[in-house]
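Trainee:
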Amino acid sequence: MADVKTEYPERFYASYDTSFPEPHPILGWYDTWGLSSTANVPPASSMVAISAEDWNNISFRACAGKAVQAGKIIDYTPTSENTPSS
13 MADVKTEYPE
23 RFYASYDTSF
33 PEPHPILGWY
43 DTWGLSSTAN
53 VPPASSMVAI
63 SAEDWNNISF
73 RACAGKAVQA
83 GKIIDYTPTS
93 ENTPSS
């Protein structure tokens, strides 16, 4: 197994759904260095890195209200046309 800090040079990441037009809904938040396995974590190159300050801000990582646009996490209110169906 490769070193997690090599595969994920930043510790904190957000994954997002590229099957929808921008802004892309966020699908998950990862503390990659704290995981026992990264087998089910997307590659770092397909996620957005997050600062420790943002990671530690619980409201920043709220279940809703954030999306990815132009490679940056933005405040966001979903609409019916860009909300993933379950």
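Under the working numbering, the sequence shown is numbered contiguously, ending at residue 98.
Cβ coordinates follow ideal geometry from the N, Cα and C atoms, glycine included.
Bear in mind that the values here come from a model prediction, so they are computed numbers and not experimental data.
Quick one: what's got a C-beta closer than 8 Å to P35's C-beta in the same chain, skipping five residues either side?
Mentor: A79, V80, Q81, I86, Y88 and N94, listed in sequence order.
Trainee: What distance in whole Å lies between the Cβ atoms of Y28 and T44, which are believed to be in contact at a cut-off of 8 Å?
Mentor: Actually they do not touch by this definition, with Cβ atoms about 15 Å apart.
Trainee: Less than 8 Å between the beta carbons of P90 and P37, yes or no?
Mentor: Yes, these two residues count as a Cβ contact at 8 Å.
Trainee: Taking C-alpha atoms, which residue in A76, A51, R23 and E19 lies nearest to I62?
Mentor: Here the closest residue by C-alpha is R23.
Trainee: Determine the direct distance from the alpha carbon of T18 to that of F72, and round the result to whole angstroms.
Mentor: F72 and T18: Cα-Cα distance of roughly 26 Å.
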